[in-house]
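Undergrad: This is the structure, below, for whatever I ask next.
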Amino acid sequence: PHFMIELPEREDSLCFNINDTPGTIFNLVRDPTSGILVNGQTIGDKKIPPDGKINTYFGRFGIVHQSLGVRLDVTTKDILVSQDGKRVKMLWSDAASLKGANMDLLLTKDRSLTVTLRDSVKFVILLHKVWEKHPYHQNYLGFYTLDSHLLSPSVHGLLGQFYHGIEFEVADLRPGEVEEKPDATMYIKGQALNVTRGWQKDYRWDVKNGENVPCWFVHSNGTGLIDGDASDYVVSGLF
Amino acid sequence: IPNAMVEVYSVTVDCTVASRFAHTVMTSSAINKANASQEIFFEVEMPKTAFITNFSMEIEGQIYVGEVKEKEKAKKQYEKAVSSGQTAGLVKVSGRKMEKFSVSVNIAANSNVTFVLTYQELLQRKLGQYEILTRVKPKQLVQNFQIEVDIYEPQGIAFVDAYGTFLSNELLPLVEKTVTDNKAHISFSPTLEQQRKCPGCDGTLIDGDFIVKYDVNRATTLGDIQIVNGYFVHFFAPPDLPRVPKNVVFVIDRSGSMGGTKMQQTREALLEILKDLHMEDYFALIPFDHEITPWKNSLMKATEENVAEAMKYVRRINDNGGTNINDAVLRAVKMLINDRKNNNVPERNLDMIILLTDGMPNSGESHLPRIQENVRGAIDGNMSLFCLGFGNDVDYSFLDVMAKQNKGVARRIYEASDATLQLQGFYEEVSSPLLSEVDLRYPDNAVEYVTTNHFRQLFNGSEIVVAGRLSDNDINNFLVEVFANGFEEDFQVQGQASAMDWDVIYPDQEYIFGDFTERMWAYLTIQQLLEKSKSGPSEEKENNTAKALDLSLQYSFVTPLTSMVVTKPETEDGPGSPLIADKLTEEQRQQAEKTSFYHRTHAHYPPVYASAPTYFVDGD
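Heads up: the protein sequence lines correspond to chains A and B, in order.
Numbering-wise (this note's numbering), the first sequence opens with residue 855 and increments by one.
Numbering-wise (this note's numbering), the second sequence opens with residue 4 and increments by one.
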């Protein structure tokens, strides 16, 4: 999966990929103060494509808000919502709008699930529907944080660590391997990283084709940009 | 830039066309009325088919001139500039037809600056006319605003139209047009008051395109051959030729990515195109996704019944699945070959395949060079392949090379509300071949360095242009022959080319813009070398690139191989940093559009999210 940190004030974005074996569960957001936890489990292709490249995607998200007593289990097939002991199951083929005291849900048929948790976070999960008979690919999910400003300063995780901004400078622009993708040096967290100007897709507005977002790509699973390395974010269970 | 402390007091556009070769000079003068120095911007747009030839800035009597350099060398200066925190790069994409050139300089208090940009282009005849497009956006009322266009066409001018997208009923009469037999003059020069949007307000009405369209007389079948200053140019577009009927196979991408508007527009365009088929034409439809499902197994005559049936079929084409371009095109080739073998189609009909696709092949053969190789091998020079690349995600260079390898051309179709019209327009351009295998011959002992003189087709409303150098300055005439395949019979014509004396044709015109025939030859040669450098064996590619670079430098053209380096004046902070004007390639344009599309669409988001940062994770 590709991770994107958009920084509109700087009119710039940072991006990186994290790949691991299918089935790995990564922690994306953890805020001990508000009791928010977002974990995602990866899936692979149906079988290895002829080019031998193993692609991974997020196929399941587990979201918990302990203080509000909310738990969401979102897979490419269905959405399970538990709140205060009550359980509701929705299918992606449904269209639904639920407004509660602590949580609002808006399910757009076969497309997106928008979740607003009171006084904490708002996010969207996108369903990427792949042609059913595709020999290799299968449906997968995307996770977009829309509003995170109410989360505490201690929020962390692969995405969460960036919720309060990040300082960096880019210099020494030079030709890269590909003509349209120059390399540069990024000074970040006291280190100098080799980064490449590239594009990643934002699928919120066009779930089929996506829109290219120019970004500084950090190589090697985001090493140097993220705290620690990708394996530090692997967790044993979805909840 | 609207700024009360900067007064733009003069904006002039001066365009001179001599035998289709247009030379445009855009001049803008401004004064910094502030008490302190400030940045003044010069931003103009020019057609993407034009090459910049000159740029200068005059600041307080000192002139700073741009210098055309090899791109790689210029790049080194550019990198230095970037690493020292300066910005560079003056040319950017602007819409489908234009490129934007922008530069800014720091001007001292109460000082003047004059910017002058010059570019040249060979006007292309499309659908029976040439078009001179000038974009004007002065952003404020200008004391001296003037557009002047002079056209010199020795063949004689058939018609001239001039209009502007910004011209109201009040401004329209201000466009002055004088046309004599072989000369036309168009001018537009509104006063300060006439430019004003409303009485008493500062806004200007002048914002948009000023367009001049014209055509020349075509008296002879041989065309018009002009010899000037040791170079010749041959314009070939014979009048009154019957069109050649065609066998056309439409190969239509209906993969999942074509879903929605693109599929709808494709259906609409196909319905119109089918209506335009002539009774003598034969046609086939091969929609494809990961599966290839031809409408019929062979080409059908374009009878009223067959067209009606095809239209019914087209209305039912829906998007689904992957993209198998390789097998779809090969199927079309096979169909044309079989139908020829079985005498299902008339012998003299011209064979063509029109491929419409919006994306990368991801089913069947997906390695692009192998697809090109397969298609070239199958077609083997026996038919033309025209490629339409729909939208931003298509690999245009792949289609462009594949079309050129197979006697065709490629065209980008931009995703917009007028995509249906773009598709129809392209079809209109290529659907009426008048001649095929056009061979223009000149005596070897009289001319040299001749540009491409063999053309696969001549389409109705277009024109073939060949230029070359006379091997001896004393040659004043030589024999010209044209051979081609026409409808029912071969086309053959010959005649004598004679040197022209421009002083006699235009006695009052002392000087047009110098050696335009030679520059036209250089422009054409560079364009053709650049095309050739995209395909073929690598040694040939390198050779063609080197030749194109040499000519670009020799004639001071900013092409994709060269850059213009402009050195800014020194400032209090130190020496001026270089600025670079480049020529963009079609691929760079496409990439830029993708990026600007992203920013444009963001403008429509709800404000709370437009400025809020977004953190996300999704599939690659």
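Beta carbons are placed, not taken as given, at the ideal position from N, Cα and C, and that holds for glycine.
Quantities reported herein were computed from a predicted structural model and do not represent experimental measurements.
How long is the line joining the alpha carbons of F104/B and T910/A, rounded to whole angstroms?
TA: Mapped onto the second sequence, residue 104/B falls at position 101. Mapped onto the first sequence, residue 910/A falls at position 56. Straight-line Cα distance between these residues: approximately 43 Å.
Undergrad: At a threshold of 7 Å, does V468/B count as lining the ligand PLP (C-beta to nearest heavy atom)?
TA: Of ligands this structure carries none, so the ligand PLP is not represented either.
Undergrad: For D218/B, does the three-state DSSP call read helix, strand or coil?
TA: Locating residue 218/B in the second sequence gives position 215, counting from the first residue. Residue state, collapsed to three classes: strand.
Undergrad: Looking only at its chain, what residues have a beta carbon closer than 8 Å to the beta carbon of I289/B, apart from the 5 residues adjacent to it on each side?
TA: On the second sequence, residue 289/B is found 286 positions in, with the first residue counted as 1. The answer, listed in chain order, is V252, F253, V254, I255, I295, T296, P297, W298, A331, R334, A335, M338.
Undergrad: On a CA-only basis, which of V433/B, E307/B, V182/B, Y12/B is nearest E156/B? Give me that one, please.
TA: As a position in the second sequence, residue 156/B is number 153, starting the count at 1. Of the listed residues, the one whose Cα sits closest to E156/B is V182/B.
Undergrad: Give the residues of chain B in contact with P903/A, contact being defined as C-beta atoms less than 8 Å apart.
TA: The sequence position of residue 903/A within the first sequence is 49, counting from 1. Neighbours of P903/A on chain B: none; closest Cβ ~10 Å, over 8 Å.
Undergrad: DSSP beta-bridge partners for K931/A?
TA: Within the first sequence, residue 931/A is the residue found at index 77, counting from 1. The partner list for K931/A (beta bridge, DSSP) is empty, contrary to what the question assumes.
Undergrad: Among K931/A, L1079/A, F1071/A, whose alpha-carbon lies nearest the alpha-carbon of E986/A?
TA: Position 132 of the first sequence, counted from the first residue, corresponds to residue 986/A. The candidate whose alpha carbon is nearest that of E986/A is K931/A.
Undergrad: Kindly indicate which residue of D227/B, Q375/B, A287/B has the alpha-carbon position closest to the one of I328/B.
TA: Position 325 of the second sequence, counting from 1, holds the residue named residue 328/B. When C-alpha distances from I328/B are compared across D227/B, Q375/B, A287/B, the shortest belongs to Q375/B.
Undergrad: Three or more C-beta pairs under 8 Å: does that hold for the segment 126-140 of chain B against the segment 55-75 of chain B?
TA: These segments do not touch.
Undergrad: Please look up how many angstroms separate the CB atoms of V16/B and V139/B, rounded, as I've assumed it's under 8 Å.
TA: As a first step, residue 16/B is located in the second sequence; it is residue number 13 there, counting from the start. As a first step, residue 139/B is located in the second sequence; it is residue number 136 there, counting from the start. Right, their Cβ atoms sit about 7 Å apart.
Undergrad: Whose C-beta lies closer than 6 Å to the C-beta of L273/B among residues of the same chain, with five residues either side of it excluded?
TA: As a working note, residue 273/B is residue 270 in the second sequence. Only V317 meet the Cβ criterion.
Undergrad: Quick check on this structure: which residue in P876/A, L1027/A, D938/A has the alpha carbon closest to the alpha carbon of P855/A?
TA: In the first sequence, residue 855/A corresponds to position 1, counting from 1. Taking only the C-alpha atoms, the option nearest P855/A is P876/A.
Undergrad: Using the rule of at least 16 other Cβ atoms within 10 Å of the residue's Cβ for burial, across every protein chain shown, is V507/B buried or exposed?
TA: To locate residue 507/B, count along the second sequence from 1; it is residue 504. The residue in question, V507/B, is exposed, as its Cβ has fewer than 16 Cβ neighbours within 10 Å.
Undergrad: I need the boundaries of the beta strand (DSSP E) containing I416/B, first residue and last residue.
TA: Reading the second sequence from its first residue, position 413 is the one you call residue 416/B. Its beta strand (DSSP E) spans residues 413-416.
Undergrad: Provide the residue span of the alpha helix (DSSP H) that contains R444/B, from first to last.
TA: Locating residue 444/B in the second sequence gives position 441, where the first residue counts as 1. No alpha helix (DSSP H) holds R444/B; the beta strand (DSSP E) holding it covers 436-444.
Undergrad: Could one say the Cβ of L882/A lies closer than 8 Å to chain B's Cβ atoms, at least one of them?
TA: Position 28 of the first sequence, counted from the first residue, corresponds to residue 882/A. Closer than 8 Å to some Cβ of chain B, the Cβ of L882/A qualifies, so yes.
Undergrad: How many Å lie between N956/A and N993/A at the Cα?
TA: Translated into the one-based positions of the first sequence, residue 956/A becomes position 102. Translated into the one-based positions of the first sequence, residue 993/A becomes position 139. N993/A has its alpha-carbon roughly 30 Å from the corresponding atom of N956/A.
Undergrad: Here's a check: name, in chain order, each residue in its chain whose Cβ is nearer than 7 Å to the Cβ of S538/B, leaving out the five neighbours to either side.
TA: Looking up residue 538/B in the second sequence gives position 535. Correct list, in chain order: V404, K407, Q408.
Undergrad: Measuring CA to CA, which of I917/A, I890/A, G913/A is closest to L1004/A?
TA: Indexing the first sequence from 1 puts residue 1004/A at position 150. Answer by Cα proximity: I890/A.
Undergrad: Cβ closer than 8 Å: which chain A residues qualify as neighbours of D396/B?
TA: Taking the second sequence and counting its residues from 1, the one referred to as residue 396/B is at position 393. Taking the beta carbon of D396/B as reference, the chain A residues within 8 Å of it are N1063, listed in sequence order.
Undergrad: Should the segment 431-438 of chain B be regarded as contacting the segment 232-246 of chain B, the criterion being three or more beta carbon pairs within less than 8 Å?
TA: yes
Undergrad: Would a check of beta-carbon distances place H982/A closer than 8 Å to chain B?
TA: Here residue 982/A is taken as the residue at index 128 of the first sequence, counted from 1. Yes, because at least one Cβ of chain B sits closer than 8 Å to the Cβ of H982/A.
Undergrad: Roughly how many angstroms lie between the CA atoms of D1086/A and I1042/A, to the nearest whole one?
TA: Position 232 of the first sequence, counted from the first residue, corresponds to residue 1086/A. Position 188 of the first sequence, counted from the first residue, corresponds to residue 1042/A. One C-alpha to the other measures close to 19 Å.
Undergrad: At a CB-CB cut-off below 8 Å, which residues of chain B make contact with I879/A?
TA: Here residue 879/A refers to the residue found at position 25 when the first sequence is read from its first residue. Within 8 Å Cβ-Cβ: nothing; I879/A doesn't reach chain B, min ~13 Å.
Undergrad: Where DSSP assigns a beta bridge to L971/A, which residues make up the other side?
TA: The residue given as residue 971/A occupies position 117 in the first sequence. Its beta-bridge partners are M957/A, V975/A.
Undergrad: Tell me the DSSP bridge mates of I357/B?
TA: The count along the second sequence starts at 1 and reaches residue 357/B at position 354. DSSP, once it has assigned bridges, lists F253/B, F389/B as partnering I357/B.
Undergrad: Can a CB atom of chain A be found closer than 8 Å to the CB of G324/B?
TA: Counted from its first residue, the second sequence places residue 324/B at position 321. Taking a beta-carbon distance threshold of 8 Å, G324/B counts as an interface residue toward chain A.
Undergrad: Jot down the residue ranges of each uninterrupted beta strand (DSSP E) in the segment 1025-1063 of chain A, minimum 3 residues, whole runs only, in chain order.
TA: Fully enclosed beta strand (DSSP E) runs of 3 or longer: 1035-1042, 1045-1056.
Undergrad: Which residues in the same chain as G1076/A place their Cβ atom closer than 6 Å to its Cβ, once the five residues preceding and following it in sequence are excluded?
TA: By one-based count along the first sequence, residue 1076/A stands at place 222. The answer, listed in chain order, is F870.
Undergrad: Would you kindly report the start and end of the unbroken beta strand (DSSP E) that includes N546/B?
TA: The count along the second sequence starts at 1 and reaches residue 546/B at position 543. Here N546/B belongs to no beta strand (DSSP E); instead the alpha helix (DSSP H) covers 541-557.
Undergrad: In chain order, what are the residue ranges of uninterrupted beta strand (DSSP E) at least 3 long that sit wholly in the segment 474-540 of chain B?
TA: DSSP runs (the beta strand (DSSP E)) wholly in the segment 474-540 of chain B: 480-488, 493-501.
Undergrad: Using the beta-carbon count (16 or more within 10 Å), is S599/B buried or exposed?
TA: The residue given as residue 599/B occupies position 596 in the second sequence. Only weak support exists for where S599/B lies, its pLDDT of 43 falling under 50; the coordinates are left without a value.
Undergrad: Taking only the alpha-carbon atoms, compute the straight-line gap between E70/B and F519/B and give it to the nearest angstrom.
TA: Here the question's residue 70/B lines up with position 67 in the second sequence. Here the question's residue 519/B lines up with position 516 in the second sequence. The straight-line gap from Cα to Cα measures roughly 20 Å.
Undergrad: Whole beta strand (DSSP E) runs in the segment 119-162 of chain B with 3 or more residues, listed along the chain?
TA: 133-139, 147-155
Undergrad: In the DSSP assignment, what are the bridge partners of G894/A?
TA: For the purposes of this step, residue 894/A is taken as residue 40 along the first sequence, with counting starting at 1. Looking at the DSSP assignment, G894/A forms a beta bridge with F880/A, F915/A.
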